[in-house]
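**Q** Dropping a structure here in structure tokens format, bear with me for questions.
Numbering (the UniProt record's numbering), first residue to last: 1 to 251.
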């Protein structure tokens, strides 16, 4: 009887031990699956970073062989105009884009003016990127004279063509986030600044032609004619900063 009792006790202990081990194995299996999911590529891999590495990796001067007034440090592009300079130094991407989503942050100096453009054509016969590429305005709305020329000249505007639906620009010295989306397939362009969509516009056809016709660019022969081109950052003679610039091509 004693022998039988010992055998039954041993069997019971073995059963309890097996049951206790099941959750641990199950939990380990769950953790392994979670690690596998985490290791998969995310949608962020579609974005191309433009403010990492050396400034010459992704950028060049418009119609220039060197960059002398722009610096890239810790992910921030910084423009400081040199004294006594005789010509502007705009920055353009080495790559060209057609349909895309462009995301960045900008900060302007007090009383400053700048901007960024798309569909810019680099041509030795053209002195400035704005002669071909439409511009999204970067501005100190309060202290730069252009701020008094109407809302279609304010920060976030499709310059001289479409005014922001509301003023969401942060005070000078603070960073503003902005997303520009250009989609020819849907014939839609938009600007979202500091989380608010403030500008929408057609990017081609009669709607686009009407916007150009009613702007200062009406008689500019090559303005807004190209679907594809470089992204440009403007030298308007004032100190300006851009950071976290990234772009994603649309299918």
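Think of the CB as a built atom: it goes at the ideal place given N, C-alpha and C, for glycine as much as any other residue.
#1: Buried or exposed: residue 203, going by 16 or more other Cβ atoms within 10 Å of its Cβ?
#2: Helix, strand or coil: which one does DSSP assign to residue 198?
#3: Enumerate in chain order the residues of its own chain whose CB-to-CB distance from residue 190 is below 7 Å, with the five nearest sequence positions on each side excluded.
#4: Taking all protein chains shown into account, decide if residue 135 is buried (16 or more other Cβ within 10 angstroms of its Cβ) or exposed.
#5: If I measure Cβ to Cβ from residue 225 and keep anything under 8 Å in the same chain, skipping five residues before and after, which residues do I get?
#6: For a test of the three-state rule: what should DSSP assign to residue 146, helix, strand or coil?
#7: Return the chain-ordered list of same chain residues with a C-beta closer than 7 Å to the C-beta of residue 171, the five sequence neighbours on each side being excluded.
#8: Using a threshold of 8 Å, state whether the C-beta atoms of residue 97 and residue 245 are closer than that.
#9: Please report the straight-line C-alpha distance between residue 63 and residue 56, rounded to a whole angstrom.
#10: Excluding sequence positions up to five away, which residues of its chain have a Cβ less than 8 Å from the Cβ of residue 29?
#11: Near residue 80, what residues of its chain come up, given a Cβ to Cβ distance below 7 Å and the 5 sequence neighbours on each side ignored?
#12: Thinking residue 250 and residue 100 are a contact (beta carbons under 8 Å), I'd like their distance in whole angstroms, please.
#13: Nearest to residue 193 by CA position, among 150, 241 and 138, is which residue?
#14: Do you know offhand how far residue 78's Cα is from residue 91's?
#15: Measuring only the C-alpha atoms, how far is residue 71 from residue 229?
#16: Do residue 59 and residue 94 have their CB atoms nearer than 8 Å?
#17: Do you know how far the Cα of residue 108 is from the Cα of residue 26?
#18: On the three-state DSSP scale, how would you describe residue 180?
#19: Does residue 51 pass the burial test, meaning 16 or more other C-beta atoms within 10 Å, or should it be called exposed?
#20: State yes or no: is the C-beta of residue 88 within less than 8 Å of the C-beta of residue 235?
#21: In the structure shown, what three-state DSSP assignment does residue 159 receive?
#22: Between the C-alpha atoms of residue 242 and residue 106, what's the straight-line distance to the nearest angstrom?
#23: Taking all protein chains shown into account, do 16 or more other C-beta atoms lie within 10 angstroms of the C-beta of residue 85, making it buried, or fewer, making it exposed?
#24: Would you list, in sequence order, the uninterrupted alpha helix (DSSP H) runs of no fewer than 4 residues that lie entirely inside the region 79-153?
**A** According to the data block:
#1: The residue you call residue 203 lines up with position 203 of the chain shown. In summary, residue 203 is buried, with 16 or more beta-carbon neighbours lying within 10 Å of its beta-carbon over all protein chains present.
#2: Numbered from 1 along the chain shown, position 198 holds the residue referred to as residue 198. Looking at residue 198 - three-state DSSP - the assignment turns out to be strand.
#3: Along the chain shown, one-based indexing puts residue 190 at 190. If we look at residue 190 and ignore the five residues flanking it on each side, its Cβ neighbours are 181, 197, 199 and 200.
#4: Your numbering for residue 135 matches position 135 in the chain shown. Buried, by the Cβ-count rule.
#5: For the purposes of this step, residue 225 is identified with residue 225 of the chain shown, where counting begins at 1. So the list reads 132, once near-sequence residues are dropped.
#6: For this step, residue 146 is matched to residue 146 along the chain shown. For residue 146, the three-state secondary structure derived from DSSP is helix.
#7: Position 171 of the chain shown, counting from 1, holds the residue named residue 171. Excluding sequence neighbours, residue 171 sits near nothing in its chain.
#8: Along the chain shown, one-based indexing puts residue 97 at 97. Along the chain shown, one-based indexing puts residue 245 at 245. Contact flag unset, no.
#9: Position 63 of the chain shown, counted from the first residue, corresponds to residue 63. Position 56 of the chain shown, counted from the first residue, corresponds to residue 56. Here the C-alpha atom of residue 63 lies approximately 14 Å from the C-alpha atom of residue 56.
#10: Your numbering for residue 29 matches position 29 in the chain shown. Its pLDDT being 42, under 50, residue 29 is placed unreliably by the model, and the measurement read from it follows with that caveat. Here residue 29 has no same chain residue with a Cβ atom under 8 Å from its own Cβ, once five neighbours each way along the sequence are excluded.
#11: Translated into positions along the chain shown, residue 80 becomes position 80. Answer for residue 80: 69 and 239, listed in chain order.
#12: Counting from 1 along the chain shown, the entry for residue 250 is found at position 250. Counting from 1 along the chain shown, the entry for residue 100 is found at position 100. By a beta-carbon distance limit of 8 Å, residue 250 contacts residue 100. Their separation comes to about 6 Å.
#13: Working through the chain shown from its first residue, we reach residue 193 at position 193. Cα-wise, what sits closest to residue 193 is 138.
#14: Here the question's residue 78 lines up with position 78 in the chain shown. Here the question's residue 91 lines up with position 91 in the chain shown. Answer to the nearest angstrom: the Cα atoms are 11 Å apart.
#15: In the chain shown, residue 71 corresponds to position 71, counting from 1. In the chain shown, residue 229 corresponds to position 229, counting from 1. If you take the alpha carbons of residue 71 and residue 229, they lie about 23 Å apart.
#16: Counted from its first residue, the chain shown places residue 59 at position 59. Counted from its first residue, the chain shown places residue 94 at position 94. Yes, Cβ-Cβ distance for residue 59 and residue 94 is below 8 Å.
#17: Counting from one through the chain shown, the residue named residue 26 turns up at place 26. Counting from one through the chain shown, the residue named residue 108 turns up at place 108. Its pLDDT being 42, under 50, residue 26 is placed unreliably by the model, and the measurement read from it follows with that caveat. CA-to-CA, the gap between residue 26 and residue 108 works out to about 55 Å.
#18: On the chain shown, position 180 is the one that residue 180 refers to. Residue 180: strand per DSSP, three-state reduction.
#19: One-based indexing of the chain shown puts residue 51 at position 51. Per the 10 Å Cβ criterion, buried.
#20: Here residue 88 is taken as the residue at index 88 of the chain shown, counted from 1. Here residue 235 is taken as the residue at index 235 of the chain shown, counted from 1. Yes, the Cβ-Cβ distance between residue 88 and residue 235 is below 8 Å.
#21: Translated into positions along the chain shown, residue 159 becomes position 159. In the structure shown, residue 159 sits in coil (DSSP, three-state: anything other than H, G, I, E or B).
#22: Translated into the one-based positions of the chain shown, residue 242 becomes position 242. Translated into the one-based positions of the chain shown, residue 106 becomes position 106. Looking at the two C-alpha atoms, the distance is approximately 4 Å.
#23: Here residue 85 is taken as the residue at index 85 of the chain shown, counted from 1. Exposed, by the Cβ-count rule.
#24: You should have found no qualifying run.
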